[in-house]
Amino acid sequence: MSTNYRSVNFKKLLDKLQQESWQLELIISGFAIYGLFAANEPLELKASESVIAGADEFGQFWAILLICCQIFTFNLIIHVLLRGLWIGAIGLRYVSGDINYSTLNYSEKFTSYLKKKVGSFDRYIASLEAYCSIIFAASFLMIFYVIGFFTVTISFVLIIQSFELLTFLPKWAIRTIIITFIIPFFISSILVFIDFLGQGFLKKKKWTSTLYFPIYWVFSKLTLSFL
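Numbering of the sequence shown is given in my numbering, commencing with residue 1 and proceeding in unit increments.
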């Protein structure tokens, strides 16, 4: 198999994999749903144990992780149901072909209405395919969003704690260092969030992109977005 991404054979291979990706989607979704259901109860126990032990921070961590798992499970179940409907539609399309409204012998009023509302059966199958692929991709993309959020939060906490270990400095100096770090970090986080919501708004303007690039570079490492 050619590994040159510019070669024609490699592009044909990618096209073929895109067409047959639904099989991998169902396999991955099935294993992921099973794993998420299995992890549901341990996460609930961890959250409860942390609250009972008085470790509210860890309790919140496990609770957020549990909510993310439940949302992810719901998305994958919807994906499997839609993909099953897509497979059924393809099977029906193989037997019956596309909708031929003229053979139904409906009145002009019903024919025009159904053509407008229902349309082509092939278009319906294509829409299902698009929805399935989007839900599947968005579900796994959400995992990286959650991972990125936690890596940034953990990095922030670790840096603050490392400053507090500087016991040879006066408390006011440590407090000043922490505040000096927190304010730029907080502002940078807001800028990254604004750029995310604005679909790369800060990367498009020449003057903002120059200022924003160092911030983007640092947070791309913290959030593992380079993966």
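The beta carbon of each residue, even a glycine, is placed where N, CA and C say it ideally should be. Note that the coordinates shown come from a computational prediction; the quantities given were computed from them, not determined experimentally.
- Item | Y106, DSSP secondary structure in three states | On the sequence shown, residue 106 is found 106 positions in, with the first residue counted as 1. Three-state DSSP puts Y106 in coil, outside helix and strand.
- Message: Whole angstroms are fine: how far does the CA of I64 sit from the CA of I52?
- Response: As a first step, residue 52 must be located in the sequence shown, where it is residue number 52. As a first step, residue 64 must be located in the sequence shown, where it is residue number 64. So the alpha carbons of these two residues sit roughly 17 angstroms apart.
- Measure the Cβ-Cβ separation of L76 and A32 and say whether it is below 8 angstroms. To locate residue 76, count along the sequence shown from 1; it is residue 76. To locate residue 32, count along the sequence shown from 1; it is residue 32. Yes, the pair counts as a contact, with Cβ atoms nearer than the cut-off.
- Starting from the C-beta of A89, find all residues in its chain whose C-beta is less than 8 angstroms away, skip the five residues before and the five after it, and write them out in chain order. Start at 1 with the first residue of the sequence shown, and residue 89 comes out as number 89. Answer for A89: F121, Y124, I125, L128, listed in chain order.
- Message: Checking 8 angstroms against the spacing of the C-beta atoms, do I78 and I135 come in under that value?
- Response: Numbered from 1 along the sequence shown, position 78 holds the residue referred to as residue 78. Numbered from 1 along the sequence shown, position 135 holds the residue referred to as residue 135. Contact: yes.
- What residue from L222, I159, F186, F193 has the CA that sits closest to I174's CA? For the purposes of this step, residue 174 is identified with residue 174 of the sequence shown, where counting begins at 1. Comparing Cα-Cα distances from I174 to each of L222, I159, F186, F193, the minimum goes to I159.
- Which residue from R83, Y113, P184 puts its Cα closest to that of E20? Start at 1 with the first residue of the sequence shown, and residue 20 comes out as number 20. Per the Cα distances, R83.
- Query: If you count every other CB in all the chains shown that lies within 10 Å of the CB of T223, and 16 or more means buried, which is it?
  - Reply: On the sequence shown, position 223 is the one that residue 223 refers to. Buried, since its Cβ has 16 or more Cβ neighbours within 10 Å.
- Cβ separation of F37 and M142, assumed to be a contact under 8 angstroms, to the nearest whole Å: As a position in the sequence shown, residue 37 is number 37, starting the count at 1. As a position in the sequence shown, residue 142 is number 142, starting the count at 1. Actually they do not touch by this definition, with Cβ atoms about 17 angstroms apart.
- Query: Which two residues bound the contiguous alpha helix (DSSP H) that contains L158?
  - Reply: As a working mapping, residue 158 is identified with position 158 in the sequence shown. Segment 121-164, the alpha helix (DSSP H) holding L158.
- Message: Classify Y212: buried if its beta carbon has 16 or more other beta carbons within 10 angstroms, exposed otherwise.
- Response: For the purposes of this step, residue 212 is taken as residue 212 along the sequence shown, with counting starting at 1. With 16 or more Cβ atoms within 10 Å of its Cβ, Y212 is classed as buried.
- Task: Please report the residue range of the alpha helix (DSSP H) in which K203 lies.
- Result: In the sequence shown, residue 203 corresponds to position 203, counting from 1. Element bounds for K203: 201-204.
- Query: With distances taken between CB atoms, is the gap from I178 to F168 smaller than 8 angstroms?
  - Reply: Here residue 178 is taken as the residue at index 178 of the sequence shown, counted from 1. Here residue 168 is taken as the residue at index 168 of the sequence shown, counted from 1. No, Cβ-Cβ distance for I178 and F168 is not below 8 angstroms.
- Message: Starting from P170, trace the alpha helix (DSSP H) in both directions and tell me its first and last residue.
- Response: If you number the sequence shown from 1, residue 170 lands on position 170. Counting along the chain, P170 falls outside any alpha helix (DSSP H), and DSSP gives it neither H nor E.
- Task: Pull up the distance between the alpha-carbon of F201 and that of D195, whole angstroms please.
- Result: Looking up residue 201 in the sequence shown gives position 201. Looking up residue 195 in the sequence shown gives position 195. Answer to the nearest angstrom: the Cα atoms are 5 angstroms apart.
- Would you call L81 buried or exposed, if buried means 16 or more other Cβ atoms sit within 10 Å of its Cβ? Indexing the sequence shown from 1 puts residue 81 at position 81. L81 is exposed by the Cβ-count criterion.
- Query: Which parts of the segment 39-91 are runs of the alpha helix (DSSP H), unbroken and 4 residues or longer, counting only runs that do not cross its ends?
  - Reply: none
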